[in-house]
Every structure is written in structure tokens, then in C-alpha cells.
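Participant: Got a structure for you, questions after.
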Amino acid sequence: MFRISQYMRDLAAAERDGAYPAVRHTRPSGPVVIWNLIRRCNLTCKHCYALSADHDYAGELSTAEVFTVMDDLKAYRVPVLILSGGEPLLRPDLFEIAARAKAMRFYVGLSSNGTLIDAAMADRVAAAAFDYVGISLDGIGAVHDRFRRQAGAFDASLGAVRELLARDVKVGLRYTMTALNAGELPALLRLMRDEGAQKFYFSHLNYAGRGNIHRAKDAHFAATREAMDLLFDTAWADAHAGIDREYVTGNNDADGVYLLAWVRQRLPRWHGALRQHLQAWGGNASGVAVANIDNLGVVHPDTMWWHHSLGSVRERPFSQIWADESDALMAGLKRRPRPLQGRCADCAALAVCGGNTRVRAQQTSGNPWAPDPGCYLDDDEIERAWAGAERPLPLPA
Ligand code: SF4
């Protein structure tokens with residue numbers, strides 16, 4: 037996850053104080069665990085990685101098994117559990133699991149489509165004291181309904197946002213950009229502001245592009261750059277005004293390099309300091325700082341690697357599975373730098389991006405260490421972003 041707001045706040049502080057904040061050194065702990073507790077979902081969205089449907093799936097972890105895994109996760113110093121699905125609110129013991137997770141002092145997030153959160157359910161979610169609830173929105177009104185394949189889904193999800201915010205629950209809008217909803221981003225950012233939601237999660241589609249030839253002309257890459265410019269400008273305006281809204285992105289670590297390019301042009305005197313911070317972040321964290329457990333208890337390097345099993349928590353504790361580097365993919369993901377090939381291996385900004393999303397390389401070429409076909413930056417641009425040559429542009433108002 038790339039935390040745009042964190043860097044924008046540092047830049048705003050640097051502009052105000054004349055000094056860039058020190059690099060944050062965080063103690064290493066266990067990974068953030070995204071836990072798909074249930075595969076069943078009341079919707080059948082077009083871009084669902086879990087390919088969920090509205091029926092029960094056999095063999096899912098029992099409450100007792102979930103609790104056993106939680107004990108192991110706590111001992112392994114996992115700090116964050118994101119309870120997801122399917123639609124996690126369809127799991128009858130969801131609130132029991134959430135209560136135990138809170139009692140064990142995990143940071144507990146809930147990832148929902150929102151359609152089941154009416155006033156009564158919002159009371160239960162608020163009482164459960166989730167640290168954060170993410171509600172997925174693909175666009176406004178009919179656009180969202182088309183993606184979710186259900187008339188009225190947008191109204192129901194927006195209703196959930198309002199019910200939760202009315203109860204002081206921290207709410208984020210989760211948006212996955214595709215070619216069919218790229219134009220919805222400005223309206224969703226306005227919606228976030230108008231409704232008072234605290235967070236916006238922008239997920240890049242795991243889009244493979246068309247290889248290395250026409251990066252600058254690729255329509256999806258052009259839309260991606262436009263979206264990132266808007267996110268950066270919006271996050272900068274908030275940070276500059278001291279407004280505490282969060283903007284984060286996922287599934288494309290080249291965003292860090294693109295932020296370096298943004299700063300090179302707009303705030304060049306902080307380019308070097310930002311580069312240090314971005315190197316400390318290090319880019320892609322699949323298999324290292326982020327983990328996934330699916331509904332059957334199978335562990336994966338992240339949610340996009342459901343076709344790659346690292347083992348089941350029914351057979352071995354998560355802590356053993358995660359530390360086991362006999363799996364070649366995990367061994368490679370944990371290496372720094374990763375055993376990359378081609379333009380990612382030779383990339384000037386590798387220390388910031390970390391080689392990006394390996395699953396895209398694997399799915400398009402069969403080789404997880406091949407260049408990421410979803411990188412939307414060309415080589416010259418990356419070199420300039422890294423080197424920080426100055427060519428100032430005016431800051432957004
Ligand atoms: S070329 Fe590879 S390492 Fe460099 S920015 Fe693009 S995805 Fe990241």
C-alpha cells in the first residue's frame with residue numbers, strides 16, 4: 037500500500053518549517069493479514085478476485101479454527117487484521133471474531149460492499165469498534181450498479197457510508213479503477229469530501245497492459261497517470277490546508293516513482309529527502325509485510341496470488357508457513373533486491389518500487405521475475421524521476 041497522504045504531509049511540513057521530517061524507522065513486525073473469512077457474497081462484481089457467488093462454500097474455517105489462527109498471528113506479532121470476503125458480514129460469527137480480535141489488541145479493519153449495512157447493522161459495526169471500515173464504490177449511481185450487477189447497490193452502499201459516519205466509525209471509500217470507470221474518480225473524490233469519509237483507497241486493476249512498446253500511448257496507462265495526478269493534487273491540497281483525509285493506493289508500486297516525478301517538478305528542493313523516505317518504504321511488500329489467508333485457511337503471498345498456495349493453517353501454523361522459504365516464490369519475494377529480470381532489474385528506481393507487482397509478470401509471461409507489464413512509466417521518465425533534475429511546474433492551487 038502506498039500512503040500518498042503521509043508523504044504529502046511531510047512535504048507540507050517541510051514547506052512550513054524549512055526542514056524535511058526525519059525518515060521513520062519502524063520496528064519490523066509480522067505482516068498485515070488480509071483474511072478472506074468467507075467466500076460467499078450477496079453480489080457478483082465484475083472485478084472480484086475471489087470469484088464469489090451467493091451460496092455457501094464448503095470447508096471454510098470454523099470459529100474455533102479462526103481463533104487458533106488468531107493466537108498464532110498474535111504471537112507472530114501480526115499488527116493488523118483486515119476481515120474481508122466475499123462479504124464478511126454474511127459470516128454468522130463475524131462479530132464474535134471481531135470482538136476477540138479487538139480484545140487481543142489487533143488493529144481490525146472490515147472490508148465490505150456495504151449493501152448489508154442498514155441502521156441496525158451500523159449499530160453492530162459501531163459497537164464492534166472496528167478501527168476502519170472500507171466500503172467499495174466503483175462509481176456514482178448506475179455505474180456502480182453495473183459493476184456490482186445489482187440495481188440499487190450504490191444507494192445501499194452510500195447509505196452504509198452515511199450510517200457509519202453518523203456513528204463516528206472511520207470510513208474509507210475503496211475504488212478499483214478499470215477502463216470502464218476511470219472517469220468516475222473526480223466524482224468519487226467529491227463524494228468522499230461531501231460525505232466526510234476519512235480515507236480513499238485507490239486500487240489499480242491488476243492490468244497487464246500490452247508489453248513494453250507503447251507505454252506513453254497506452255490508454256489505460258494514460259488514464260492511470262491522469263488519476264494519479266488528480267490524487268496527488270488532491271492529497272497535496274488537503275495536506276497543505278491541514279486537512280486530515282487519507283489517500284492511499286494499492287497494486288502498483290510505480291506510484292512511488294511517479295510521486296518522485298511529481299515532486300521533482302513541483303517541489304524540487306525536497307526531492308532528495310522524499311527519495312530517502314521512499315527508499316525506506318521500499319515498494320512492493322507482497323510475501324513480506326502483507327499476507328493473505330483465504331476462506332479455506334490457505335495462505336498466499338497476497339490476495340492476488342490465490343493460484344499459489346503456501347500451505348494451510350489446518351496443517352501448519354501461519355507463523356511456520358510464512359517463515360518457510362523452501363517455496364521458491366516466497367524465497368524470491370523475501371530477497372532484497374528481488375531476483376528480477378529485464379527492465380525491472382535494471383531500473384534506476386528499483387529501490388523505491390521494489391519491482392512492483394510480481395503476479396502481473398507471472399500471469400502474462402509465466403515468469404514471476406519478468407518485468408512488470410503494469411508499469412506505466414517509461415525508462416526516461418524513471419531516470420529523470422530518480423535523478424531529480426529540476427524543471428519546476430507551478431503547484432496546484
Ligand atoms: S521498471 Fe519495474 S522497478 Fe522500475 S518503476 Fe517500473 S515496475 Fe518499478
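Sequential numbering of the sequence shown, starting at 37, is according to the working numbering. Every residue, glycine too, gets a C-beta built ideally from N, C-alpha and C. Computed from a prediction, not measured in an experiment: that's the story for all the values here.
Does DSSP classify I418 as helix, strand or coil?
Facilitator: Here residue 418 refers to the residue found at position 382 of the sequence shown. It is helical.
Participant: Specify, as a first and last residue, the run of the beta strand (DSSP E) that G219 falls within.
Facilitator: By 1-based counting over the sequence shown, the position of residue 219 is 183. No beta strand (DSSP E) holds G219; DSSP gives it neither H nor E.
Participant: Please list, in chain order, all residues of the same chain as A218 whose beta carbon is under 7 Å from its beta carbon, the five residues on each side excluded.
Facilitator: In the sequence shown, counting from the first residue as 1, residue 218 sits at position 182. Around A218: A259, A263.
Participant: Would you list the one or two residues that DSSP bridges to V335?
Facilitator: Stepping through the sequence shown from its first residue, residue 335 is reached at position 299. I329, G347, per the DSSP bridge assignment.
Participant: Per DSSP, what are the beta-bridge partners of M38 in this structure?
Facilitator: Sequence index remark: in the sequence shown, residue 38 carries index 2 (1-based). Per the sequence presented here, residue 38 reads as Phe, with Met not at that position. The partner list for F38 (beta bridge, DSSP) reads T285.
Participant: Note down the Cα distance separating N320 from G391, rounded to an integer number of angstroms.
Facilitator: Here residue 320 corresponds to residue number 284 of the sequence shown, with the count starting at 1. Here residue 391 corresponds to residue number 355 of the sequence shown, with the count starting at 1. So the alpha carbons of these two residues sit roughly 7 Å apart.
Participant: Which residue or residues does DSSP assign as beta-bridge partners of S120?
Facilitator: By one-based count along the sequence shown, residue 120 stands at place 84. DSSP lists N72 as partners of S120.
Participant: Mapping DSSP to helix, strand and coil, what is G308?
Facilitator: Translated into positions along the sequence shown, residue 308 becomes position 272. The answer is helix: DSSP assigns G308 an H, G or I state.
Participant: Let me know the secondary structure DSSP gives R210 once reduced to three states.
Facilitator: Residue 210 sits at position 174 when you count from the first residue of the sequence shown. Strand, per DSSP.
Participant: According to DSSP, is I279 helix, strand or coil?
Facilitator: To locate residue 279, count along the sequence shown from 1; it is residue 243. Note: I279 maps to coil in three-state DSSP.
Participant: Compute the Euclidean distance between the alpha carbons of L130 and S172, then round it to the nearest angstrom.
Facilitator: Position 94 of the sequence shown, counted from the first residue, corresponds to residue 130. Position 136 of the sequence shown, counted from the first residue, corresponds to residue 172. Going by the C-alpha atoms only, they are around 19 Å apart.
Participant: Compute the minimum distance between the beta carbon of P67 and the heavy atoms of the ligand SF4, and state whether it is under 7 Å.
Facilitator: Working through the sequence shown from its first residue, we reach residue 67 at position 31. Checking the Cβ of P67 against the ligand SF4 gives no.
Participant: I need the boundaries of the beta strand (DSSP E) containing V169, first residue and last residue.
Facilitator: Counted from its first residue, the sequence shown places residue 169 at position 133. Element bounds for V169: 168-172.
Participant: Rounded to whole angstroms, what is the Cα-Cα separation between F38 and V395?
Facilitator: Here residue 38 refers to the residue found at position 2 of the sequence shown. Here residue 395 refers to the residue found at position 359 of the sequence shown. Roughly 18 Å separates the two Cα atoms.
Participant: Using a threshold of 7 Å, is the CB atom of D439 nearer than that to any non-hydrogen atom of the ligand SF4?
Facilitator: Residue coverage of the chain in this structure runs from 37 to 433, which leaves residue 439 outside it and unanswerable.
Participant: Would you check if there are 3 or more beta carbon pairs closer than 8 Å linking the region 348-356 to the region 364-375?
Facilitator: Touching, no, given that fewer than three Cβ pairs across the two stretches are closer than 8 Å.
Participant: Evaluate the contact criterion for the region 402-414 versus the region 287-296: three or more CB pairs, one atom per stretch, below 8 Å.
Facilitator: Yes, they touch.
Participant: Cβ of S147 less than 8 Å from any chain B Cβ?
Facilitator: In the structure shown, chain B cannot be found, because there is only a single protein chain.
Participant: Straight-line CA distance for Q377 to A406?
Facilitator: By one-based count along the sequence shown, residue 377 stands at place 341. By one-based count along the sequence shown, residue 406 stands at place 370. Rounded to whole angstroms, Q377 to A406 spans 5 Å at the Cα level.
Participant: Report the residue from R379, P404, S401, G402 whose alpha carbon sits nearest the alpha carbon of I418.
Facilitator: Position 382 of the sequence shown, counted from the first residue, corresponds to residue 418. Of the listed residues, the one whose Cα sits closest to I418 is R379.
Participant: Taking the straight line between their C-alpha atoms, what separation do you get for A162 and G177?
Facilitator: Residue mapping note: residue 162 aligns to position 126 of the sequence shown, counting from 1. Residue mapping note: residue 177 aligns to position 141 of the sequence shown, counting from 1. In a straight line, the C-alpha of A162 is about 26 Å away from that of G177.
Participant: Could you pull out every residue in the same chain whose Cβ sits closer than 8 Å to the Cβ of A187, ignoring the five residues on either side in sequence?
Facilitator: Stepping through the sequence shown from its first residue, residue 187 is reached at position 151. Closer than 8 Å at the Cβ level, and outside the excluded window around A187, lie D181.
Participant: Which two residues bound the contiguous beta strand (DSSP E) that contains S148?
Facilitator: If you number the sequence shown from 1, residue 148 lands on position 112. Run containing S148: 143-148, per the beta strand (DSSP E) assignment.
Participant: Kindly identify the DSSP beta-bridge partner or partners of K235.
Facilitator: Start at 1 with the first residue of the sequence shown, and residue 235 comes out as number 199. Bridge partners of K235: G208, E282.
Participant: Among the candidates T62, H91, V69, P67, whose CA atom is the shortest distance from the CA of R76?
Facilitator: Working through the sequence shown from its first residue, we reach residue 76 at position 40. Of T62, H91, V69, P67, the residue nearest in Cα terms is H91.
Participant: What does DSSP give as the partner residue(s) for H240 in the beta ladder?
Facilitator: Here the question's residue 240 lines up with position 204 in the sequence shown. Answer by DSSP bridge pairing, in chain order: M213.
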